[in-house]
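Peer 1: Residue numbers (the numbering used here), protein chains in the order written: chain A, 1 to 68; chain B, 1001 to 1068; chain C, 2001 to 2068; chain D, 3001 to 3068; chain E, 4001 to 4267; chain F, 5001 to 5267; chain G, 6001 to 6267; chain H, 7001 to 7267.
Ideal Cβ positions, reconstructed from N, Cα and C, are used throughout, including at glycine.
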Amino acid sequence: MNVTINGEPRRIDPGATVASVVSMLDVAPGARGVAVALDGEVVTRSRWPETELRDGCMVEVVAAIQGG
Amino acid sequence: MNVTINGEPRRIDPGATVASVVSMLDVAPGARGVAVALDGEVVTRSRWPETELRDGCMVEVVAAIQGG
Amino acid sequence: MNVTINGEPRRIDPGATVASVVSMLDVAPGARGVAVALDGEVVTRSRWPETELRDGCMVEVVAAIQGG
Amino acid sequence: MNVTINGEPRRIDPGATVASVVSMLDVAPGARGVAVALDGEVVTRSRWPETELRDGCMVEVVAAIQGG
Amino acid sequence: MTDSLRIADRDLGSRLILGSGGFANHELLAQACRAAEAELCTVALRRLPDPAHPQGSILDVLDEAGVDVLPNTAGCFTARDAVATAQLAREAFGTHWIKLEVIGDDRTLLPDAVELLAAAEELVDDGFTVLPYTTDDPVLARRLEDVGCVAVMPLGSPIGSGMGICNPYNLSIIIERAGVPVILDAGVGTASDAALAMELGCDAVLCASAISRAHDPAAMATAVKLSVQAGRLARGAGRIPRRRYAQASTPADGMPAFDVDVEGAAR
Amino acid sequence: MTDSLRIADRDLGSRLILGSGGFANHELLAQACRAAEAELCTVALRRLPDPAHPQGSILDVLDEAGVDVLPNTAGCFTARDAVATAQLAREAFGTHWIKLEVIGDDRTLLPDAVELLAAAEELVDDGFTVLPYTTDDPVLARRLEDVGCVAVMPLGSPIGSGMGICNPYNLSIIIERAGVPVILDAGVGTASDAALAMELGCDAVLCASAISRAHDPAAMATAVKLSVQAGRLARGAGRIPRRRYAQASTPADGMPAFDVDVEGAAR
Amino acid sequence: MTDSLRIADRDLGSRLILGSGGFANHELLAQACRAAEAELCTVALRRLPDPAHPQGSILDVLDEAGVDVLPNTAGCFTARDAVATAQLAREAFGTHWIKLEVIGDDRTLLPDAVELLAAAEELVDDGFTVLPYTTDDPVLARRLEDVGCVAVMPLGSPIGSGMGICNPYNLSIIIERAGVPVILDAGVGTASDAALAMELGCDAVLCASAISRAHDPAAMATAVKLSVQAGRLARGAGRIPRRRYAQASTPADGMPAFDVDVEGAAR
Amino acid sequence: MTDSLRIADRDLGSRLILGSGGFANHELLAQACRAAEAELCTVALRRLPDPAHPQGSILDVLDEAGVDVLPNTAGCFTARDAVATAQLAREAFGTHWIKLEVIGDDRTLLPDAVELLAAAEELVDDGFTVLPYTTDDPVLARRLEDVGCVAVMPLGSPIGSGMGICNPYNLSIIIERAGVPVILDAGVGTASDAALAMELGCDAVLCASAISRAHDPAAMATAVKLSVQAGRLARGAGRIPRRRYAQASTPADGMPAFDVDVEGAAR
């Protein structure tokens, strides 16, 4: 199915979860300061494994950088 | 009936119009720079004679002053 | 004889020295930070005892104060 | 004889006057705003013809320019 | 002079707008109008009767001086009140021009950004020609322009404070980025403040208290008028850059020398 | 106008003195003279011939414009040279007025206090009417007055720097304590600087580079002229005080109310 | 030191908040953290991966330095984006503190008053502890406080501009009227700017570019830290008033006299 | 710290010189000495007895605090008096260091350029190590250096005025051109003034009234000490340049997007 991850269109398998997307980005499982929004809403980390992506959804995976 | 004219409670006769209120305030008929709001809405001068006040209404009669 | 000490006219005995003037002002012998000018010229401390005043001379006895 | 005119060493004939030096510089006789110093002293215009230069003297011939 | 200022559909020959507030009486206002040679003068609306000026309408004074009315919404704290006041002004004066003021604070009389923008948008939609009194915030000025204001009127400092232009930087940013005329409103204390505003690139200056409360209002009106003209001309004349060191206005070459001994020794 | 400026035995109708240095050519100087409506214009003395301006004397330009010559001693570093130059100027121009400059430094062109005072004293003794270009040091200004100078000409900032008045405090102290006219000399960059100087209480302004090196000298000359007039008028008009908080120019009383619900509920 | 700063439910021993943006690498950030002795440091959120800093998380750097994270919403132009970013930050960092930035313009990076206020209100309602980066508009600062912000963070001048405090007047008005801590945010260029902010009455200073982009960030971090302490102490110490004239620090009485002739003649 | 200041043959670890004038009593002076960590403190000379401080010599206070005496010639109006006072000070304190003051005016206490230079030259010839209190005139500063002064001490503003540095431009020119240490003397009103002086490049700051007349002298002494250190460090750290527009401290790349509808529609 087609999704947008961090602004890039991607094809992924049905059944993919937030957790699998995060791991695709080389984020270590316990990496600190990482958060995810699915279609503009935050998905808390505990729910990453159970939250499945839908076709056409938009995922943002962000982390801390220097700034401000 | 009871109305509020320029913030002051007043008793006036039923059937009073905006025109009669304006004349009560010693405004000459052709006085320049005068405008009236009835319950927050402007009443154009041509409609002063025909616009009757209702009980409890609020009339503002204003004119130009130095300012700004 | 008549001399001026710190701006004040004074009568003193002939033979008076700078040392005797300084002691008149209640300056302890070893007092620190005291200096004397006789007619506009500094008299070093070692020469106070031997320096005699002349009639009409002007003595300034100064010390450190807060300032600047 | 050797003189200095406006900072430049010049050889001139004995008997030369301030007036002759001024005319050497292409200054019209009635030119306005011109003044002369000989060895640092002003020579008034009326005395230009009679004032002779001496060997080693220094002549400054100046005029108005934009400035200040 | 052909250097007129176009605001909306109108050409103004004078770049000084007079504020009518603060004159001790109508006669002083009339004198200031004549001295200022302004074409627009603000007026406010208040309930009748006006106890302070029983002697006749300010409109007659302005008429006689040949000055047009620019109504304002002075004293309004909410978009609601400002819109209603503007509508009354349109009725009272027969003009859809409005100097929009929405104040957030009665001690500083500074604009309330949020209410101001809301009122501006509503009045533009209602057909008004809106000139908003605003802070010196470049973003707010831009948003006022974006909703259709025909000019922006940033303050130099609070109304009546006489502190001049507290933040020339912000004012210059507004000017650089504006697509509509920028009129300095509030803060002018004396003539040089107005000249500076024009040199920074303001298109006009509104001046009330500096004139009306001066010891001699007519003289100050003349002074501010001249100063606005001076600043406008200076802006156009292309000023010299600022330099840390001097630049001689007199050439160094050709200096005479007077010291006989030294020069003599050198020969 | 009867507001003339008396310096020594002379009344000047214009409070703007023009400096002639820095104009690209005599024609621009002539235009600036007309625009500035000045009555005095500085000139310097240099060795003949003057390669920069072979085309005729500046004196003819000034004559035609009806402007009188104020000779200066620009370029002198010692009292000796300044005195000699002043004597040459007296001979060349037939005037005992001299704008005295004694410079201490060729990068800042700032006055040398010690040499300046010595030259001033000597020239006064020699019968000159001395107007010294000085620093903004109030003590030095006072001493120049004490030796007989008919005016003092403190700088706002270095010659040609265009930085305006770097230290308005010092300038105002000079003005408060002076018994002779105070003329701002050097530093004006644009019109508002001149207005500010006059508002601080200067009696006149001398302006050279700001006009002569502007992109459009005649326009800037007009601007500075207007600005000097504006500042002078504003000084006399009695400006409003500076306040930290606003002072309303529109009365708060008599504001109409438009909110039906609230007022209705209150009844 | 017992002079801690209480913001919401937290006491801060340091009145310098570090901004982490602009350091060339994490090592320089780490050095600056140690030198600044700050307790809070801002961080932003961006999409993974972060190409600029592949070498490890900024969080580890801050942890090691004992500095807590203050997340911001840098780069957001709308209330919508700012709220979503704040919510992500809460999840990412486990803190409900948020330095709220809503920008109106990408060249000035100045706050957008309307969007900022809307975002602040929404975030407060959502349980955040909101510290908004705001303009120096006293009315906006008040409204931010009114909707429940725990501090206000007015700018001195644009982010990274190094222009210091362009309008000390507005800043001081904000301080006088605020019921929550006022933290200067943006504009500090060097140490004295921070001292001035504290002397004006700011409760703290946030400093990013002045430190991170200085030639020697650690040295500048120490300088700003000392300066914040100095300004805070000076504010409390009760400074002397400004006077136009001098006040002698040395008594005039008791001056010796040295001039024999004069005094002798007087006897 | 190895960043010592060399003046003549002496290395000073502290760049804050204390002025002893204006303290209400010796105990407050002692506290300020300890807080300031200064190594030099000025003292003046007056006729005995000193009615203001009968309780013991200031020298004992300074000794106990480990601070050396820097005698001054405060109150002198002529070179003659200043030289005589310096000679008395040399005798009284056993030091040939002298802070030379020659005043031209008892209301501004500003230096008299001519007398100051004459006194400096005479004292240098007499073997003194001369640190002259001078105006902010770069030419005078240069001449004082040329006659052999080991440092120059320009004022920021009049003694005790607390106006800070009225003309940072002149001060910076003095600093750029000086071959000897430049010590800001007079005018400091609060800590940030001292930081600014050091950032401009002063080598040290002398501070009297700002500390001695503060409500809490010891706290202000600490504040000024920290501020001098901060300004010195900041000068060395290489500050960021001033820019008219912002420079983001957070990168624009990598911003997340949250608006589902818009992005969805775009796909």
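Quickly, what does DSSP pair G/G6019 with across the bridge? List them, please.
Peer 2: Translated into positions along the seventh sequence, residue 6019 of chain G becomes position 19. Paired residues: G/T6042.
Peer 1: By DSSP, does B/Q1091 sit in helix, in strand, or in coil?
Peer 2: The requested residue 1091 of chain B does not occur in the structure, where chain B is confined to residues 1001 to 1068.
Peer 1: Counting beta carbon pairs with one atom in the segment 6204-6218 of chain G and one in the segment 7124-7131 of chain H, are three or more of them shorter than 8 Å?
Peer 2: no
Peer 1: Give the range of the beta strand (DSSP E) segment to which E/C4207 is assigned.
Peer 2: Residue 4207 of chain E sits at position 207 when you count from the first residue of the fifth sequence. For E/C4207, the enclosing beta strand (DSSP E) starts and ends at 4204-4207.
Peer 1: For G/A6024, decide whether its Cβ has a neighbour in chain C, counting only Cβ atoms nearer than 8 Å.
Peer 2: As a first step, residue 6024 of chain G is located in the seventh sequence; it is residue number 24 there, counting from the start. So, not an interface residue.
Peer 1: CB E/D4203 to CB E/R4015, shorter than 8 Å?
Peer 2: Residue numbering aside, residue 4203 of chain E sits at position 203 when the fifth sequence is read from its first letter. Residue numbering aside, residue 4015 of chain E sits at position 15 when the fifth sequence is read from its first letter. Yes, these two residues count as a Cβ contact at 8 Å.
Peer 1: Is it the case that the segment 5087-5100 of chain F contacts the segment 3055-3066 of chain D, given that we only count it when at least three CB pairs across the two stretches are under 8 Å?
Peer 2: They touch, by the three-pair rule.
Peer 1: Answer yes or no: does any C-beta atom of chain F fall closer than 8 Å to that of E/D4216?
Peer 2: Position 216 of the fifth sequence, counted from the first residue, corresponds to residue 4216 of chain E. Yes, because at least one Cβ of chain F sits closer than 8 Å to the Cβ of E/D4216.
Peer 1: Anyone know if the C-beta pair for E/L4123 and E/L4100 falls short of 8 Å?
Peer 2: By 1-based counting over the fifth sequence, the position of residue 4123 of chain E is 123. By 1-based counting over the fifth sequence, the position of residue 4100 of chain E is 100. In this structure, E/L4100 lies closer than 8 Å to E/L4123 by Cβ.
Peer 1: Less than 8 Å between C-beta atoms, sequence neighbours within five positions excluded: which residues of the same chain meet that for G/H6096?
Peer 2: Your numbering for residue 6096 of chain G matches position 96 in the seventh sequence. For G/H6096, where only same-chain residues beyond five positions count, the Cβ hits under 8 Å are R6090, G6127, F6128, T6129.
Peer 1: Thinking C-alpha only, which one of G/R6142, G/A6086, G/G6075, G/V6102 is nearest E/T4108?
Peer 2: Numbered from its first residue, the fifth sequence carries residue 4108 of chain E at position 108. For E/T4108, the nearest C-alpha among the options comes from G/R6142.
Peer 1: Which one or two residues does DSSP pair with F/L5184 in a beta bridge?
Peer 2: For this step, residue 5184 of chain F is matched to residue 184 along the sixth sequence. Bridge partners of F/L5184: F/V5205.
Peer 1: So what does DSSP say about G/I6211, is it helix, strand or coil?
Peer 2: Residue mapping note: residue 6211 of chain G aligns to position 211 of the seventh sequence, counting from 1. Three-state result, G/I6211: helix.
Peer 1: Identify the continuous alpha helix (DSSP H) that holds E/P4138 and give its terminal residues.
Peer 2: Start at 1 with the first residue of the fifth sequence, and residue 4138 of chain E comes out as number 138. Looking at the DSSP string, the run of the alpha helix (DSSP H) that includes E/P4138 is 4138-4146.
Peer 1: Quick check on DSSP: helix, strand or coil for H/A7119?
Peer 2: Position 119 of the eighth sequence holds residue 7119 of chain H. Three-state DSSP puts H/A7119 in a helix.
Peer 1: Between the alpha carbons of B/R1054 and B/W1048, how many angstroms are there, rounded?
Peer 2: Within the second sequence, numbered from 1, the residue matching residue 1054 of chain B stands at position 54. Within the second sequence, numbered from 1, the residue matching residue 1048 of chain B stands at position 48. So the alpha carbons of these two residues sit roughly 14 Å apart.
Peer 1: Closer than 9 Å between beta carbons: that is the criterion. Which residues of the segment 3047-3065 of chain D meet it against chain E?
Peer 2: G3056, C3057, M3058, E3060, V3061, V3062, I3065
Peer 1: By DSSP, does G/I6174 sit in helix, in strand, or in coil?
Peer 2: Taking the seventh sequence and counting its residues from 1, one reaches residue 6174 of chain G at position 174. Helix at G/I6174.
Peer 1: Going by DSSP in three states, F/M5153 sits in which element: helix, strand or coil?
Peer 2: Taking the sixth sequence and counting its residues from 1, one reaches residue 5153 of chain F at position 153. Residue state, collapsed to three classes: strand.
Peer 1: Report the neighbours of H/R7046 on chain C: residues whose CB is nearer than 8 Å to its CB, in chain order.
Peer 2: Here residue 7046 of chain H refers to the residue found at position 46 when the eighth sequence is read from its first residue. What H/R7046 touches in chain C: V2062, A2063, I2065, G2067.
Peer 1: Look up E/E4037 in the DSSP assignment and say whether it is helix, strand or coil.
Peer 2: In the fifth sequence, counting from the first residue as 1, residue 4037 of chain E sits at position 37. E/E4037: coil per DSSP, three-state reduction.
Peer 1: Quick one: using the 10 Å Cβ neighbour count with 16 as the cut-off for buried, is B/E1041 buried or exposed?
Peer 2: Taking the second sequence and counting its residues from 1, one reaches residue 1041 of chain B at position 41. Exposed, by the Cβ-count rule.
Peer 1: Identify, in the order they occur along the chain, each residue of the same chain with its Cβ nearer than 8 Å to the Cβ of B/R1010, setting aside the five sequence neighbours on each side.
Peer 2: Here residue 1010 of chain B refers to the residue found at position 10 when the second sequence is read from its first residue. Counting only Cβ-Cβ distances below 8 Å, and skipping sequence neighbours, we find N1002, V1003, T1004.
Peer 1: Restricting to Cα atoms, I'd like to know which of H/V7043, H/F7023, H/L7048 is closest to C/D1944.
Peer 2: Lying outside 2001 to 2068, the shown extent of chain C, residue 1944 of chain C is not represented and no answer is given.
Peer 1: Which residue marks the beginning of the alpha helix (DSSP H) containing D/V3022, and which one marks its end?
Peer 2: For the purposes of this step, residue 3022 of chain D is taken as residue 22 along the fourth sequence, with counting starting at 1. That run of the alpha helix (DSSP H) goes 3018-3024.
Peer 1: Rounded to a whole number of angstroms, what is the C-alpha to C-alpha distance between G/A6195 and H/V7228?
Peer 2: In the seventh sequence, counting from the first residue as 1, residue 6195 of chain G sits at position 195. In the eighth sequence, counting from the first residue as 1, residue 7228 of chain H sits at position 228. One C-alpha to the other measures close to 11 Å.
Peer 1: At a CB-CB cut-off below 9 Å, which residues of chain C make contact with G/P6256?
Peer 2: Here residue 6256 of chain G refers to the residue found at position 256 when the seventh sequence is read from its first residue. By Cβ distance, chain C contributes N2006, G2007, A2037, E2060, V2061, V2062.
Peer 1: Taking the alpha carbon of E/L4012 as the reference point, which residue from E/H4026, E/E4037, E/F4023, E/G4019 has its own alpha carbon closest?
Peer 2: Working through the fifth sequence from its first residue, we reach residue 4012 of chain E at position 12. Out of E/H4026, E/E4037, E/F4023, E/G4019, E/E4037 has the C-alpha closest to the C-alpha of E/L4012.
Peer 1: Under the three-state reduction of DSSP, which class applies to F/V5262: helix, strand or coil?
Peer 2: Along the sixth sequence, one-based indexing puts residue 5262 of chain F at 262. Here the model assigns F/V5262 a pLDDT of 48, short of 50, so the residue's position is not dependable, and the following value carries that caveat. Note: F/V5262 maps to helix in three-state DSSP.
Peer 1: Taking 6 Å as the limit between beta carbons, can you name the residues of its chain near G/N6072, skipping five residues before and five after?
Peer 2: Residue mapping note: residue 6072 of chain G aligns to position 72 of the seventh sequence, counting from 1. Once the five neighbours on either side are set aside, the close Cβ partners of G/N6072 are T6042, A6044, K6099, E6101.
Peer 1: Using the Cα positions of F/P5158 and C/R2045, report the straight-line distance between them to the nearest angstrom.
Peer 2: Indexing the sixth sequence from 1 puts residue 5158 of chain F at position 158. Indexing the third sequence from 1 puts residue 2045 of chain C at position 45. Taking the straight line joining both Cα atoms gives about 51 Å.
Peer 1: If you measure from the beta carbon of B/G1030 to each beta carbon in chain E, is any gap under 8 Å?
Peer 2: The residue you call residue 1030 of chain B lines up with position 30 of the second sequence. No, its Cβ sits nowhere closer than 8 Å to a Cβ of chain E.
Peer 1: Excluding sequence positions up to five away, which residues of its chain have a Cβ less than 7 Å from the Cβ of E/I4007?
Peer 2: The residue given as residue 4007 of chain E occupies position 7 in the fifth sequence. Result list for E/I4007: V4150, A4151, P4181, in chain order.
Peer 1: Whole angstroms is fine: what's the gap from F/G5201's alpha carbon to F/L5184's?
Peer 2: Locating residue 5201 of chain F in the sixth sequence gives position 201, where the first residue counts as 1. Locating residue 5184 of chain F in the sixth sequence gives position 184, where the first residue counts as 1. Between F/G5201 and F/L5184, the C-alpha separation is close to 10 Å.
Peer 1: Using a Cβ-Cβ cutoff of less than 6 Å, which residues in the same chain neighbour E/A4113 once the five nearest sequence positions on both sides are dropped?
Peer 2: Position 113 of the fifth sequence, counting from 1, holds the residue named residue 4113 of chain E. Correct list, in chain order: L4140.
Peer 1: Would you call the CB atoms of F/M5198 and F/G5231 closer than 8 Å?
Peer 2: The residue you call residue 5198 of chain F lines up with position 198 of the sixth sequence. The residue you call residue 5231 of chain F lines up with position 231 of the sixth sequence. Yes, the Cβ-Cβ distance between F/M5198 and F/G5231 is below 8 Å.
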